[in-house]
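Structure first, commentary second.
Here's what the structure looks like:
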């Protein structure tokens with residue numbers, strides 16, 4: 234199993250843990266990831282509202298590089314990157330004029346893209362290409378008794394994702410079971426984390442994070458797992474500000490789903506960059522069998 | 009019926025071949041200005057008169073009128089006309105009219121052809137010159153073909169007077185009773201242990217609120233006792249052979265493991281059975297039954313059935329007590345009973361196989377199956393029914409009384425993700441639910457969340473108005489989600505329904521104790537397979553396909569097979585009963601004749617020329633070709649053939665010929681269309 238890999242900007246900054254754990258888990262599971270050489274920003278959801286064609290061009294450049302790498306699906310882990318790259322494909326297929334504009338822009342940069350590189354979320358690859366059973370076979374340290382709130386975020390299964398129910402996805406819950414842990418009923422699993430609003434309208438974003446954290450606590454979750462760098466950061470790093478705003482005492486560990494899965498696969502916390510978390514994950518690590 | 013008998017001799021080749029001395033009459037209709045406004049009719053008539061074989065060519069304002077028809081009749085009698093072409097509208101409009109006129113004057117009706125110069129010409133061609141030219145070509149094709157036409161006679165098929173009705177819900181019950189009362193013998197095949205269908209589960213019926221059981225069970229019991237009805241419950245149709253008037257139906261009678269001749273329906277066995285916690289299908293899983301059971305007290309037939317999956321003796325040969333055997337006075341229990349096959353001969357069939365409730369798990373945001381006290385509409389029917397598992401008490405899972413209930417409309421219906429169509433009954437039954445809750449629990453708040461209220465039946469809008477006065481809260485907005493995630497102290501421990509109130513323009517969070525999902529109606533899961541057993545198909549939405557949506561709503565493309573009730577599309581009880589009556593009338597129209605006439609424009613296979621490759625046998629979509637056991641040649645079952653022509657095109661030796669569409673007729677038509 235070989236895929237081209239698009240880490241996305243966050244992977245080099247706020248979401249180092251996601252990138253590190255993704256590479257470690259894939260290596261363990263026999264999935265070969267080949268990083269795109271000289272990749273750039275995915276186009277970014279917010280930039281689309283300002284300069285649409287330019288965003289598409291930036292996005293398509295990554296896809297053009299993936300096409301040059303040969304016949305491989307392109308894997309990404311960030312929900313936003315996933316949505317933007319897949320959106321570029323769909324818009325190119327549906328809109329002849331846009332397609333011509335993008336192709337011309339790429340030609341000026343000395344590249345070409347046909348619109349055929351398949352964009353995949355890592356969750357999709359794990360559950361559909363590899364399968365739950367193949368992963369379960371490699372679990373050596375089941376996280377028995379750990380209660381997990383699976384937070385999919387808003388963009389993994391919609392509007393571009395087709396591998397799970399758009400409004401009530403279950404793939405991360407099943408992966409959690411594969412890791413030996415217990416997924417809790419988490420009604421907010423696809424609610425918004427506030428996204429970029431944390432920088433422009435903090436009150437609104439804090440309210441959304443408060444709901445996500447409260448729901449996790451109501452469900453008696455020990456840890457929240459995320460599948461998107463922005464979700465992870467908002468829900469984890471803003472807990473103290475949420476507490477100040479709402480008089481709460483949240484101190485809930487948040488990690489990437491790849492980190493949880495990595496632990497079950499026997500990868501060390503350090504190799505999964507779990508030492509970089511804002512909220513310590515000691516309670517989860519304590520559940521690991523010796 | 010043999011060909012000779014009907015006068016449709018062989019493939020008829022030579023009957024008309026080369027007989028150019030035929031006397032042809034041509035009539036061109038103005039159809040008011042429909043044709044005459046675009047086509048230069050006098051020019052077409054003048055041209056037609058000059059064509060070889062044409063004895064007379066006339067025009068008339070309305071050919072379909074009596075004077076128009078008289079023109080044809082008089083010419084046949086006075087001029088000795090032997091072939092007629094009427095250039096007018098589509099043959100689906102008036103071909104029967106003109107063919108009858110020809111027959112009245114003593115001319116075989118199949119020696120008359122229509123030339124469609126209205127739908128195919130004047131209505132779709134703006135330029136008068138082009139339209140006139142096209143009219144000549146269309147007419148010329150028929151003039152050239154006519155010498156090759158041969159006299160054909162409809163085929164007579166004897167009709168078996170017995171009728172099969174499949175499905176014992178209100179639709180099937182109604183159709184069966186009507187037919188039995190008309191003196192026909194009816195076989196009623198029902199898949200479940202008892203007839204009654206969905207209606208038997210309902211509490212009250214909208215908008216009059218009469219109790220469903222009170223109006224249904226007398227009909228069930230009448231059916232069970234009717235001397236003209238043979239009830240085959242717990243049975244399924246597995247195969248249908250034959251054709252209109254002469255169907256042979258194979259029915260599998262599933263083993264009940266109870267001798268129904270001995271069983272008296274006393275119910276002592278179900279009291280004695282040690283397996284008592286099987287979820288009752290009739291009570292929608294809210295109540296329990298034993299492994300040996302009578303589904304409900306008014307079941308017809310009132311006979312016990314053993315469910316082999318849960319019976320300890322049948323599932324693992326290990327029931328120590330076999331207390332049912334001991335309890336059964338008449339010794340009716342028979343663990344060795346096997347499925348049986350019976351063959352029925354009937355002349356007509358009515359399918360009334362009903363619907364299934366939309367599976368609410370397909371709409372996961374509403375939490376059905378995950379959140380307690382989110383229930384389906386059928387579950388609520390059982391909850392509020394006095395004969396239901398709670399004795400008619402509307403209660404939560406913990407036995408407490410709900411203080412607030414939300415009823416969510418359009419679950420699975422009017423949805424791009426699930427069923428595009430409106431299920432037609434849900435608005436009304438949702439209103440009925442609101443009324444029943446208010447009646448049982450006057451202090452309970454009821455919320456109806458709807459997209460649009462669709463109450464278009466007799467007394468329906470009035471019922472809606474009445475409910476507004478009964479203190480029910482109506483919110484215009486489809487529910488977005490049902491969650492147990494509380495955001496405020498009032499929401500703790502409640503189900504919260506989120507919806508956009510589109511009249512106020514706000515997003516609402518309604519904390520309630522119970523949520524009823526007004527699920528849409530889906531086709532039966534095996535509707536497609538069942539329709540294929542009977543030789544027709546399903547619409548895009550999965551329901552049985554009628555022959556014509558407006559004019560033949562209870563007929564199917566298989567002659568002699570009728571449909572009624574919710575198997576055709578969701579409908580309420582009044583509409584279902586009306587359709588059942590229509591289906592019964594359709595059957596009676598057919599079987600009250602000793603024989604039926606079948607169009608003779610069907611396929612013929614010359615046994616001398618058939619090489620016996622049988623490629624046509626598998627290709628025939630109507631199973632109308634069989635192999636003659638003696639000669640090995642393929643032969644057409646005339647009553648089953650629909651004249652589609654597939655065998656004609658498929659035969660490597662060109663043996664099958666379709667009467668009325670012989671090669672020389674088609675070639676002559678083409679030639680005729682090209683001469684102008």
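Protein chains in written order, with my numbering: chain A, 234 to 523; chain B, 9 to 684.
Using N, Cα and C, we set each Cβ at its ideal position, and we do this for glycine too.
Check                                                                                                                                       : Outcome
Residue 356/B versus residue 252/B - alpha carbon distance                                                                                  : 7 angstroms
Residue 334/A, DSSP secondary structure in three states                                                                                     : helix
Cβ-based burial, residue 329/A [other Cβ within 10 Å; buried from 16]                                                                       : exposed
Three-way DSSP call (helix, strand, coil) for residue 76/B in this model                                                                    : helix
Coil, strand or helix - residue 552/B by DSSP                                                                                               : strand
Beta-carbon gap between residue 154/B and residue 80/B smaller than 7 angstroms                                                             : no
Beta-carbon contacts of residue 364/B that lie in its chain and below 8 angstroms, excluding the five residues immediately before and after : 529, 530, 531, 532, 533
Extent of the continuous alpha helix (DSSP H) to which residue 599/B belongs                                                                : 581-599
Within-7 angstroms CB hit, residue 401/A to chain B                                                                                         : yes
Where residue 305/A falls: helix, strand or coil (DSSP)                                                                                     : coil
Beta-carbon spacing of residue 71/B, residue 94/B below 7 angstroms                                                                         : yes
Backbone CA spacing between residue 20/B and residue 649/B [nearest angstrom]                                                               : Only weak support exists for where residue 20/B lies, its pLDDT of 42 falling under 50; the value from the coordinates is given anyway. Taking the straight line joining both Cα atoms gives about 18 angstroms.
Given residue 629/B as reference, the closest of 655/B, 642/B, 643/B once Cα atoms are compared                                             : 655/B
Proximity below 7 angstroms, CB of residue 538/B to CB of residue 182/B                                                                     : no
Supposed contact pair residue 448/B and residue 496/B - C-beta distance, whole angstroms, cut 8 angstroms                                   : Residue 496/B to residue 448/B, Cβ: 29 angstroms. No contact.
Within-7 angstroms CB hit, residue 448/A to chain B                                                                                         : yes
Coil, strand or helix - residue 149/B by DSSP                                                                                               : helix
Meets three-Cβ-pair contact criterion under 8 angstroms: the segment 505-518 of chain A and the segment 44-59 of chain B                    : no
Contact list for the segment 407-439 of chain A against chain B, Cβ threshold 8 angstroms                                                   : 418, 420, 421
Interface flag, residue 398/A vs chain B, CB-CB below 7 angstroms                                                                           : yes
Strand pairing of residue 508/B, partner residues [DSSP]                                                                                    : 515/B
Short CB-CB distance (under 7 angstroms) between residue 384/B and chain D                                                                  : Within the model displayed, chain D is absent; protein chains A and B are what it includes.
Through-space distance from residue 508/B to residue 589/B, alpha-carbon basis                                                              : 43 angstroms
Rounded C-alpha distance that separates residue 17/B from residue 613/B                                                                     : Because residue 17/B carries a pLDDT of 47, less than 50, the predicted location of this residue cannot be relied on, and the following value inherits that uncertainty. Taking the straight line from one Cα to the other gives about 12 angstroms.
Beta-carbon contacts of residue 431/B that lie in its chain and below 6 angstroms, excluding the five residues immediately before and after : 421, 528, 529, 578
Any non-hydrogen atom of the ligand ZN closer than 6 angstroms to residue 330/B Cβ                                                          : Among the components of this structure there are no ligands whatsoever, and the ligand ZN is therefore not found.
Start-to-end residues for the alpha helix (DSSP H) that takes in residue 104/B                                                              : 99-112
Alpha carbon of residue 241/B to alpha carbon of residue 194/B, nearest angstrom                                                            : 13 angstroms
Contact belief for residue 418/B with residue 459/B at Cβ below 8 angstroms, rounded distance in angstroms                                  : 5 angstroms
Reduced DSSP secondary structure (H/G/I, E/B, other) of residue 22/B                                                                        : Confidence at residue 22/B is low in this model, with a pLDDT of 41, below 50, so the placement of that residue should be treated as unreliable; the coordinate-derived value is given next. Reduced to three states, the DSSP call for residue 22/B is coil.
Reference residue 680/B; option with closest CA among 51/B, 262/B, 141/B, 324/B                                                             : 141/B
Integer-rounded CB distance, given that residue 266/B should sit under 8 angstroms from residue 340/B                                       : 5 angstroms
Nearest-angstrom Cα separation, counted from residue 248/B out to residue 325/B                                                             : 36 angstroms
DSSP beta-bridge partners of residue 121/B                                                                                                  : 93/B
For residue 489/B, three-class secondary structure by DSSP                                                                                  : strand
Proximal residues to residue 162/B (C-beta, below 7 angstroms), its chain only, five neighbours per side dropped                            : 605, 606, 607, 608
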